[in-house]
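Student: For reference, the structure I am asking about is given below.
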Amino acid sequence: MLLTLACFGCSAPAGSAGKGQIYLYGETHSVPEINQKEFEIWDYYYHEEGMRHLFVEYPYFMAEYLNQWVQAEDDAILDQIFQDIEGTQGHSQTTLDFLHSIKENCPETVFHGTDVGHCYWSMGQRYLSELEAAGQQDSEQYRLARENIEQGETYYGVGYNKGEHDNVYRENTMAENFRRAYAALPEGTSIMGIYGDAHVWVYEKDYSTGTVPSMAGQLRETYGDDLHTLDLSFADDVSAVGATETVTLNGKEYTAVNLGASQGMQFWQVLDAYEDVKDLPRALHNFRCDAYPCSVENGEVFLIDTTLQDGTVERRCYRADDPEQARTPVTVGFTAEE
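Every number in this note's numbering is 33 more than the matching position in the sequence shown, counting from 1.
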């Protein structure tokens, strides 16, 4: 059953009514099961929540081409894009199927590319040439495309042929591009984003050098609890992510949302439970926020089921009292009767 999608792993904080919410999902690129789940999530947000803006780990000019293709009657634009990205992780039938699903089912989707200018030498230059031919050198699209091409040139730099890239620059620039694109939307707009898993780990540094916060970590400094993340690549069975079941804490029933299971640990988020459990006795065990598959926000409640060597399952309860106040953010264990 699909899900309490606007909540799972991403419950909006109290007092956020009318504020735009940012929902970021991490992936391993071109995995069919993950792309299918991402489409299901976007389809829900599109039809049930009225979202239209989808942020993606593509260059600005590639997203602009996708916006043209969504409105086109044929696949000529998409075919050219896929010639340009041949040899990359995104060059797959899985990606094609995902994009076609969006065009067929969510035709008003607006893509926003916030990565540096990959393929600037082909796709980027072609996009600029088309704008020049149309006399649009003074347009915002031309300025942003030119800037994105320059970002690509900086990222690849002189070490391109050696496979040497400036990944710190890329991580910082992705965050800057995201903030610019989001600020251009009407105030209060909620969006969904899809990025490689390492870019959405809010508690981690960049995956290449470990010297700067991840893209999502930088964005959280800007958007606080209005930014929510869930790493879909974490789960052994991503199809189960978002499914719900009823759990009982201290004699009261709640809805728990499946956040994924990995290495014998099953994670659940318990919705609307914090006020009832915030004063329950603390247990001796805590759980680090960076070990969850999602961002952790004040006032959230989690269950973690661990399968032991003898096959039995041990359930522990955790709540987020104020994790950001700790040097190492943690959720606090507590005791509750079922």
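By construction, the Cβ of each residue, glycine as well, lies at the ideal position given by its N, Cα and C atoms. Bear in mind the structure is a predicted one, so any value in this text is a computation, not a measurement.
Among His62, Thr361, Leu313, Leu336, whose alpha-carbon lies nearest the alpha-carbon of Gln302?
Tutor: The shortest C-alpha separation from Gln302 is found at Leu336.
Student: Nearest to Asp309 by alpha carbon, out of Leu341, Phe367, Gly344?
Tutor: Nearest option by C-alpha distance: Phe367.
Student: Across the region 57-68 and the region 201-209, are there enough close Cβ pairs to call them in contact, namely three or more that are closer than 8 Å?
Tutor: No, they do not touch.
Student: Does DSSP put Asn331 in a helix, a strand or coil?
Tutor: Three-state result, Asn331: coil.
Student: Ser44: buried (16+ other C-beta within 10 angstroms of its C-beta) or exposed?
Tutor: Reliability of the predicted coordinates at Ser44 is poor, the pLDDT of 47 falling under 50, and no value is obtained from them.
Student: Where DSSP assigns a beta bridge to Gln302, which residues make up the other side?
Tutor: Note: Gln302 sits in a beta bridge opposite Val290, Phe335.
Student: Determine the direct distance from the alpha carbon of Ile135 to that of Asp76, and round the result to whole angstroms.
Tutor: Rounded to whole angstroms, Asp76 to Ile135 spans 8 Å at the Cα level.
Student: For Gly59, which beta-bridge partners are listed by DSSP?
Tutor: Note: Gly59 sits in a beta bridge opposite Tyr228, Asp264.
Student: Which residues bound the alpha helix (DSSP H) around Tyr189?
Tutor: Looking at the DSSP string, the run of the alpha helix (DSSP H) that includes Tyr189 is 173-189.
Student: Going straight from the alpha carbon of Ala31 to that of Arg321, what length do you get?
Tutor: Outside the shown range of the chain (34 to 371) lies residue 31, about which nothing can therefore be said.
Student: Along the chain, where does the alpha helix (DSSP H) containing Gly366 start, and where does it finish?
Tutor: That residue, Gly366, is in no alpha helix (DSSP H); its beta strand (DSSP E) goes 363-367.
Student: Using a threshold of 9 Å, state whether the C-beta atoms of Val4 and Asn210 are closer than that.
Tutor: Since the displayed the chain opens at 34 and closes at 371, residue 4 lies outside it and no answer follows.
Student: Between which two residues does the alpha helix (DSSP H) containing Asp117 stretch?
Tutor: Asp117 -> alpha helix (DSSP H) spans 109-117.
Student: Given a threshold of 16 other Cβ atoms within 10 Å of its Cβ, counted over all protein chains shown, does Leu317 qualify as buried or as exposed?
Tutor: Exposed is the call here.
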